[in-house]
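Residue numbering for the sequence shown follows the UniProt record's numbering, starting at 1 and increasing by one per position. From the three backbone atoms N, C-alpha and C, an ideal C-beta is built for every residue, glycine too. In this text, all values refer to a predicted model and were calculated from it rather than measured experimentally. Structure record follows, encoded as structure tokens.
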Amino acid sequence: MDHTTSGAPAPDGPAPDAPTAAWRARVPARRQATPVADEGPDFAREFRLALAERRSSLRGLSLSLQHRDVHVSTPALAAWRAGRSAPAGPEGLRAARALEDVLELPRGQLSRWVDPSGDARRTPAPRPGVTARTRGTSSSARGGQTLLTASEQRARTALGFQRSSLLTERTVEVEVEIDGLGRQRHVTQRTEWVAREDGVDAFPSVLVVPTPVRGRSRVEPVSGCRLGPSYVDLAEGVFATALVLAAPLRVGETVTTVHRTHLPEDAAPDGVHEHRVLHPVERVAVRVRFDPACAPSTWQGHSRTDEQERAGEVVPVDGVAQVARDDFGPGAVGLRWSW
């Protein structure tokens, strides 16, 4: 099972419930006087978002960098913010990391866009298992290596969410419920979102299950969102739903949503669940609750990034298993269990 979420503006008018309706997300008009978060190189977009969130002045930022023995002038910071130039080379990488410290950003949020060899990059180099220039989150009951599958991308495109970086996660909490037959029945996700463009007010939830499957998945909004258009492809085992926020967000604004995904009734039992993040997040946690009638004997937490794979101890199950990582991503965090 793959489950994907990331946001975009919602449409005007009633929401169709089939992909053939050719529903597309509406991109709001931009004010010429205010740079938006995703114009220009990706470093500039991330830098603008961080400045908007922290409400930092460029002059104050330059002084804070000087205290760390990193010298970047206010005009240079303004050029980085506007995308006219970007940090590059070893000194640029050092400056980007210093900015992350000053702005209290997760490690890599800015520095991953800087090429230490000397060239500013618009996108990071492709990583194993990661589709370059694609961000969002994904949960998997199969533990697949691809962070964003072709099926997920097709579903997102059908709902008008071709761009996955307009609304990104800051923190993610996932709870999986296992029934008495060992099947994953419900996945509840609580997400704190950050808007990266003015006017963003929707995100997709995409579920991909192993085929053949005849049952249907169902998404239940719990708080902070409501149902939008849906997409179903039984041949590929894809179920997608757009979830619409209560009101459009401004760049840098945050909102918290909770939604629950009910898996198809004929979903097969499985012994692994992963939640995958395609960009840095402050915290990601995965919790699995087991029915006492089908409690496994042991479980093991794990996480992996392009740099390393980390497995926790194998421990006895006492009703609930949980794993969490702070300042994590891109990568996957999950649990494996055995009966």
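query = Can you name the start and end residues of the alpha helix (DSSP H) that E100 belongs to?
reply = Unbroken alpha helix (DSSP H) run through E100: 89 to 102.
Among A50, G83, L181, P296, nearest to L99 - alpha-carbon criterion = For the residues A50, G83, L181, P296, the minimum Cα distance to L99 belongs to A50.
Nearest-angstrom beta carbon gap, T188 and R260 [assumed within contact, 8 Å] = Right, the Cβ-Cβ distance comes to about 5 Å (below 8 Å), so this counts as a contact.
key: Spatial distance of V174 from P292 (CA atoms)   = So the alpha carbons of these two residues sit roughly 20 Å apart.
Per DSSP, the bridge partner or partners of R304 = Partner(s): E309, A332.
key: the region 151 to 162 contacting the region 176 to 191, beta-carbon criterion three pairs below 8 Å   = Cβ pair count under 8 Å is below three, so no.
query = Can the beta-carbon of S223 be found less than 8 Å from the beta-carbon of V277?
reply = No.
inquiry  = Distance check for Q153 and E236, CA to CA, integer angstroms please.
reply    = E236 and Q153 have their alpha carbons spaced roughly 12 Å apart.
message = Going by DSSP, what residue range makes up the beta strand (DSSP E) through W339?
response = If you look at W339, you'll find it isn't in any beta strand (DSSP E); DSSP assigns it neither H nor E.
query = Run through DSSP, which three-state label would P75 get?
reply = Correct three-state label for P75: helix.
message = Under 8 Å, Cβ to Cβ, is there at least one residue of chain C near G331?
response = The displayed structure is made up of one protein chain only, and chain C is not part of it.
inquiry  = Using C-beta distances below 6 Å, list every residue in its chain close to T211, excluding the 5 sequence neighbours before and after it, in chain order.
reply    = Excluding its 5 nearest sequence neighbours in each direction, T211 has C-beta neighbours in its own chain below 6 Å: G237, listed in chain order.
key: For T188: DSSP bridge partner residues   = DSSP, once it has assigned bridges, lists E175, R260 as partnering T188.
message = Do A324 and V284 count as a contact pair if the criterion is CB distance below 8 Å?
response = Against a cut-off of 8 Å, the Cβ pair of A324 and V284 comes out as a contact.
query = Thinking C-alpha only, which one of G199, Q322, F203 is nearest E192?
reply = Among G199, Q322, F203, the Cα nearest to that of E192 is on F203.
inquiry  = Tell me the rounded alpha-carbon separation between E197 and A321.
reply    = Between the alpha carbons of E197 and A321 lies a distance of about 37 Å.
For A22, the three-state DSSP class (helix, strand or coil) = Low confidence applies here, because A22 scores a pLDDT of 31, under 50, leaving its location unreliable; read the following figure in that light. The three-state secondary structure of A22, taken from DSSP, is coil.
key: Boundaries of the beta strand (DSSP E) in which R226 is found, first to last residue   = Residue range 225 to 233 is occupied by the beta strand (DSSP E) that includes R226.
Beta-carbon proximity list for P221, same chain, < 7 Å, skipping 5 on both sides = Here the set comprises L227, L243, H259.
key: Three-state secondary structure (DSSP) of R48   = DSSP, reduced to helix, strand and coil, places R48 within a helical segment of the structure shown.
Burial state of D101, where buried means 16 or more other Cβ atoms lie within 10 Å = Of the other Cβ atoms in all chains shown, fewer than 16 fall within 10 Å of the Cβ of D101; this residue is therefore exposed.
ask   = Who are Q322's beta bridge partners in DSSP?
value = DSSP output for Q322 lists R287 as bridge partner(s).
query = Taking the C-alpha atoms as reference points, what is the distance between E177 and R218?
reply = Their Cα atoms are separated by approximately 15 Å.
request  = Within the same chain, show all residues whose beta-carbon is closer than 8 Å to that of E282, passing over the 5 residues directly before and after it, in chain order.
outcome  = Excluding residues within five positions, the ones whose Cβ falls inside 8 Å are P106, R170, T171, D326, D327.
inquiry  = Residues in the same chain with beta-carbon distance under 6 Å from D296, minus the five sequence neighbours each way, listed in chain order, please.
reply    = In the sequence as presented, Asp is not what sits at residue 296; that position holds Pro. Excluding positions up to five away in sequence, the list reads V317, W337, S338, W339.
Local Cβ density within 10 Å of T256, reported as buried at 16 or more and exposed below that = Counting Cβ neighbours within 10 Å, T256 comes out exposed, since fewer than 16 surround it.
ask   = Based on the DSSP secondary-structure assignment, which residues constitute the bridge partners of V272?
value = Per DSSP, the beta-bridge partners of V272 are R336.
ask   = In the DSSP assignment, what are the bridge partners of L249?
value = Looking at the DSSP output, L249 shares a beta bridge with V200.
request  = Classify residue 352 as buried or exposed, calling it buried when 16 or more other Cβ atoms lie within 10 Å of its own Cβ.
outcome  = An answer regarding residue 352 cannot be provided, because it is not within the stretch 1 to 339 covered by the chain.
Three-state class that DSSP yields for A295 in the structure shown = Three-state result, A295: coil.
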